[in-house]
Amino acid sequence: MSLMTEGKTPGPVRYYLACDRGGCGARIMFDLVISDPGPSRDEDFFGYLLHPAEEAAPHISGMGWTFLQGDGYWCPSCSG
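Following our numbering, the numbering of the sequence shown begins with 12 at its first residue and continues without gaps.
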């Protein structure tokens, strides 16, 4: 999966997203300010790691990107 983040919640998080469809080189970068700190690392390690991705999912979908289970993120051109 090609979604990567830089930054910590709460606060600004930079997202890097590349299309996972073979042969496609589409990439985007965007910033979101996430006010919810999410679960603590000690309480829920996977929730702690996935929290920024879950917060960005509606924004990513709104830009026309699609998440396909097992295939990752596809850009708007490949999703259509």
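Positions of the beta carbon are idealized from the N, C-alpha and C atoms, including for glycine.
Just so you know, these numbers come straight off a predicted model, no measurement behind them.
For proline 63, which residues from the same chain have a beta carbon less than 7 Å from its beta carbon, with the 5 sequence-adjacent residues on both sides left out?
-> Here residue 63 is taken as the residue at index 52 of the sequence shown, counted from 1. Within the same chain, proline 63 has close Cβ partners Thr16, Thr20, Val24, Ile45.
With DSSP collapsed to three states, give me the class of glycine 58.
-> Along the sequence shown, one-based indexing puts residue 58 at 47. Looking at glycine 58 - three-state DSSP - the assignment turns out to be helix.
Neighbourhood of leucine 79 by C-beta, 7 Å cutoff - its chain only, sequence neighbours within 5 removed = Here residue 79 corresponds to residue number 68 of the sequence shown, with the count starting at 1. Excluding residues within five positions, the ones whose Cβ falls inside 7 Å are Trp85.
Pull up the CB-CB distance for tyrosine 59 and serine 72, whole angstroms please, since I reckon it's below 8 Å.
-> What you label residue 59 is simply residue 48 of the sequence shown in a count that begins at 1. What you label residue 72 is simply residue 61 of the sequence shown in a count that begins at 1. Not a contact, Cβ separation roughly 23 Å.
Candidates Pro48, Phe41, Ala29: which alpha carbon is nearest threonine 77's?
-> Taking the first residue of the sequence shown as 1, we reach residue 77 at position 66. Answer by Cα proximity: Ala29.
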